[in-house]
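Chains A and B are the protein sequences, given in the same order.
Under the numbering used here, the residue at position 203 of the first sequence is numbered 203, and the numbers go up by one with no gaps.
Heads up, the numbering used here is the position in the second sequence plus 1000, with the first residue counted as 1.
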Amino acid sequence: MQTTVMVKRGMIAGIPIAIGYFPVAVTFGLTALAMGINKTEAILASMLIFAGAAQFALVNLIYSSPINATLIPIFLNLRHLIYGCIVSQRLNVAKPFLTAFGLTDEVFAMSFKGDDEKFVWGLALVAYLAWVFGTVLGVLGGSIIVSNETIYPSLVFAFPALFFILLISNLKSWHLASALLGGFIALVFHFYNYSSLGILLAGILTPPIILTLKRWFE
Amino acid sequence: MILAIILIVAIGTYLTRLLPLLFKERFKFDEWSEFLSYSSTALISALFVTSFVSFPIDSKELGVGIMALAVVLIAYLKWKNLGSAILLGITSHLISRLLI
Chain A
1 MQTTVMVKRG
11 MIAGIPIAIG
21 YFPVAVTFGL
31 TALAMGINKT
41 EAILASMLIF
51 AGAAQFALVN
61 LIYSSPINAT
71 LIPIFLNLRH
81 LIYGCIVSQR
91 LNVAKPFLTA
101 FGLTDEVFAM
111 SFKGDDEKFV
121 WGLALVAYLA
131 WVFGTVLGVL
141 GGSIIVSNET
151 IYPSLVFAFP
161 ALFFILLISN
171 LKSWHLASAL
181 LGGFIALVFH
191 FYNYSSLGIL
201 LAGILTPPII
211 LTLKRWFE
Chain B
1001 MILAIILIVA
1011 IGTYLTRLLP
1021 LLFKERFKFD
1031 EWSEFLSYSS
1041 TALISALFVT
1051 SFVSFPIDSK
1061 ELGVGIMALA
1071 VVLIAYLKWK
1081 NLGSAILLGI
1091 TSHLISRLLI
């Protein structure tokens, strides 16, 4: 199928991601300025890193501990190693240097809706534009969106809604147990404010436990 | 200094995304397919839980979220369209927050 058609499909499918990214990116822009980072640096962070949790960790730690501000964001993104393994197994990745850049949590999750690398490019492109544009708006004064206590949580609801649909369409046989266990591991770590570590461990610990249980019961 | 940190984090983040794609030939993924299949379900579940629940739990927020998720589920089962279901969910979430 033509590249442009697949990219367009990806971009349309990625609109819910963009809706969710936009207010978070505005918040990042505002937070970065509040933490003493200048406008250019905040926008560059979004343009070059393109990873929400990592960027928030970076701006939060940059003045207290530059070493932590460098290492912790990278550690937070270790879960992307698993995403890459899964994507490279599912899709024929001909341009890894391009595909890799946009492989965020949400793009990874939504990539299951397509079967072409170019679909992922479309998802990543629309998500990236929302992320960078949101950051620009944030540093230029997007406080109206972020301070609106009614609109903001509803826009950010796009994320759980997206993950929820992707989850329910995948709950067959042992995948239900996998979802429950993975969700439980993540919830425990989330409670103690180690959400990224919890997500990483959910992806690593759940499969061997499920495979062991499966061997016992079948 | 700040620019250097941003650059290092950007390179580190990019490498975590790139390396598995770049060295896919080195791994025999067929042997790992079942493992990775369960891993992807667990990861999406983990992403859902961490984006939906926030501590300390606010029962009103949680109730609004659950109602909106029900709308998302019904809309998705009816139309099988992910984008429409999410947009409807966002709208119902907003209306619920205004009403409750």
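The C-beta atom is built at its ideal place from N, Cα and C for all residues, glycine as well.
Per-residue DSSP class, three states only, for residue i
i	result
Ser-1054/B	coil
Ile-19/A	helix
Gln-89/A	helix
Ala-94/A	coil
Phe-50/A	coil
Ser-1040/B	helix
Leu-211/A	helix
Ile-74/A	helix
Phe-101/A	helix
Val-2/A	Before going further, note that residue 2/A is Gln rather than Val in the sequence given. Reduced to three states, the DSSP call for Gln-2/A is coil.
Asn-60/A	helix
Met-1067/B	helix
Gly-14/A	coil
Phe-191/A	helix
Ser-65/A	coil
Lys-1060/B	helix
Lys-8/A	helix
Phe-1023/B	coil
Gly-36/A	coil
Thr-218/A	First, the amino acid is wrong: residue 218/A is Glu here, not Thr. Coil at Glu-218/A, not helix or strand.
Lys-1080/B	coil
Beta carbon of residue i nearer than 8 angstroms to that of residue j
i	j	result
Gly-1065/B	Phe-157/A	yes
Ser-154/A	Ile-1090/B	yes
Gln-72/A	Leu-61/A	Sequence check: residue 72/A is Ile here, not Gln. Yes, they are a contact pair.
Ala-174/A	Ala-25/A	Checking the sequence, you will find Trp at residue 174/A rather than Ala. No, these two residues do not count as a Cβ contact at 8 angstroms.
Thr-135/A	Phe-28/A	yes
Ser-195/A	Thr-1050/B	yes
Leu-76/A	Ala-54/A	yes
Ala-1010/B	Ser-178/A	no
Thr-4/A	Phe-50/A	no
Leu-1047/B	Ala-109/A	yes
Any C-beta of chain B under 8 angstroms from that of residue i
i	result
Thr-206/A	yes
Asn-77/A	yes
Trp-174/A	yes
Glu-41/A	yes
Gly-203/A	yes
His-27/A	For clarity, residue 27/A is Thr in the given sequence; the question names His instead. No, its Cβ sits nowhere closer than 8 angstroms to a Cβ of chain B.
Pro-23/A	no
Val-120/A	no
Asn-170/A	yes
Ala-18/A	no
Ile-74/A	yes
Val-132/A	no
Gly-198/A	yes
Phe-97/A	yes
Any C-beta of chain A under 8 angstroms from that of residue i
i	result
Ala-1070/B	no
Gly-1063/B	no
Met-1001/B	yes
Lys-1024/B	yes
Ile-1044/B	yes
Ile-1090/B	yes
Leu-1036/B	yes
Ser-1033/B	yes
Ile-1086/B	yes
Leu-1018/B	yes
Ser-1059/B	no
Ile-1006/B	yes
Leu-1021/B	yes
Supposed contact pair residue j and residue i - C-beta distance, whole angstroms, cut 8 angstroms
i	j	result
Ile-210/A	Val-1072/B	No, Ile-210/A and Val-1072/B are not in contact; Cβ-Cβ is about 26 angstroms, not under 8 angstroms.
Gly-10/A	Leu-123/A	4 angstroms
Gly-203/A	Ser-1039/B	5 angstroms
Leu-78/A	Leu-205/A	Going by Cβ atoms, the distance from Leu-78/A to Leu-205/A rounds to 14 angstroms, so no, they are not a contact pair.
Val-139/A	Ala-42/A	5 angstroms
Minimum Cβ-Cβ distance from residue i to chain C less than 8 angstroms
i	result
Val-93/A	Reference to chain C is not applicable here, since the protein chains of this structure are A and B.
Which runs of the alpha helix (DSSP H) at least 4 residues long sit entirely within the region 105 to 180 of chain A? Give them in chain order.
105 to 110, 117 to 139, 143 to 147, 151 to 156 and 158 to 168
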